[in-house]
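Below is one structure, written out as structure tokens; comments come after it.
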Amino acid sequence: MKVRRSERLIDMTRYLLERPHTLVSLTYFAERYASAKSSISEDLTILKKVFQARGTGILETIPGAAGGARFIPYILKEEAQTFIEEMTTKVADKSRVLPGGYVYLSDILGQPDILRQVGRVIATQYLNQKIDAVMTVATKGIPIAQSVATYLNVPFVIVRNDSKITEGSTVSVNYVSGSSERIKKMELSKRSLTEGANVLIVDDFMKGGGTINGMKTLIEEFDANLIGITVFAEASFVGNRLIDDYTSLLRVTNVSDSDKAIKVIPGNYLEKVFGAEA
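For the sequence shown, UniProt numbering assigns the number 1 to the initial residue and increments by one for each residue that follows.
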């Protein structure tokens, strides 16, 4: 049964949004809606203009017999800046200060609307890069990794500090905690990554960078490639940070246990993604 254009546009939008970075052929849409390919092409042109005007993402249209459409989500600079400013205000609450200079973020990163935006913001940075997997360490980085992986439409893998029988054979490495300078161990299932995979590391909070440096070592053990590192928040660190090439959405510049003072500013995300003028 032939579908009216208004219905096609609604269903095509939903279909594409649910399958980012996936090429959907004109033939598939034509058969799905019992419509001519010329009509489908016109529909895609409409969606392309609307997605771009609203800052929803890019709708790539590929001509030819094997052509179709691919939706690539992103966020505009103005929207990303507004979101990051809102997060600085939320995090800069003295009740969030924890012993040792840490900041309580679990409630913020447990909210679906915030997680969606975090995933979209981070995915935008890697818009034009091939990512095969998103990596994080258990447990607080998991929601972020899942959100980013959803927008990139790739698997996410979880590094653990203890053995799980359900993980099967694992690869383990020792690493030095950047903040405590203690030797720790982390491991990842051998089935999680393939040789040559392009991996993005994400995490919720970074101090000395020891945990992330451990994940870098794991990626090397798999003969995979590190594409980038992005954290929700970083803390100012006295000493030699083990990671120097990374992106942060927020930067905690001062945390005081004694008077519960905390100062938060935007991280380097806007500059790295949108340029120096950001």
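Even for Gly, the Cβ is constructed at its ideal location relative to N, Cα and C.
The model shown is predicted, which means the values in this text are computed figures rather than measured ones.
Asked, Found
"From Lys2, Ala149 and Gly68, residue whose alpha carbon lies closest to that of Gln117", "Ala149"
"Paired residues, beta bridge with Gly228 - DSSP", "Leu200"
"Exposed unless 16 or more other CB atoms sit within 10 angstroms - verdict on Glu187", "buried"
"Bridge-paired residues (DSSP) for Arg14", "BP columns for Arg14 are empty, so no partner."
"Simplified DSSP state of Ser172, which is helix, strand or coil", "strand"
"For Glu85, the first and last residue of its enclosing alpha helix (DSSP H)", "Lys77 to Val91"
"DSSP state of Thr124 mapped onto helix, strand, coil", "helix"
"Whether Glu234 touches Met206 by CB criterion (9 Å)", "yes"
"Whole-angstrom C-beta distance between Leu152 and His21, which should lie under 8 Å", "6 Å"
"Secondary structure of Asn213, DSSP reduced to three states", "helix"
"Bridge-paired residues (DSSP) for Val157", "Met135"
"Close-in-space but distant-in-sequence residues of the same chain around Lys2 (CB under 8 Å, 5 per side omitted)", "Tyr33, Ala34 and Ser35"
"Check whether Ser25 and Lys260 have beta carbons under 9 Å apart", "no"
"Cβ-Cβ distance between Phe222 and Thr194 below 9 Å", "yes"
"8 Å CB neighbourhood of Ile144 in its chain, flanking five on each side removed", "Leu109, Leu115, Val118, Gly119, Ile122, Thr136, Val202, Asp203, Asp204 and Phe232"
"Contact the segment 246–254 vs the segment 262–272: 3+ CB pairs below 8 Å", "yes"
"Beta-carbon gap between residue 298 and Leu270 smaller than 9 Å", "Examination of residue 298 is not possible in this model, given that the chain is present from 1 through 278 alone."
"CB contact flag (Asp245, Ile227, <9 Å)", "no"
"Short Cβ contact (9 Å threshold) for Lys140 with Ser169", "no"
"Buried/exposed call for Asp162, threshold 16 Cβ in 10 Å", "exposed"
"Where Ser236 falls: helix, strand or coil (DSSP)", "coil"
"Option in Gln125, Met87 and Thr124 with minimal Cα separation from Asp107", "Met87"
"As assigned by DSSP and simplified to three states, the class of Gly68", "strand"
"Beta carbon proximity, Gly239 to chain C, threshold 9 Å", "Of the protein chains in the structure, only one exists, and it is not chain C."
"Per DSSP, cross-strand counterpart(s) of Leu250", "Ala233 and Pro266"
"C-alpha distance - Val50 paired with Ser6, whole-angstrom precision", "14 Å"
"Per DSSP, the bridge partner or partners of Pro73", "Gly57"
"Inter-residue Cα distance where the pair is Gly64 and Ile131", "26 Å"
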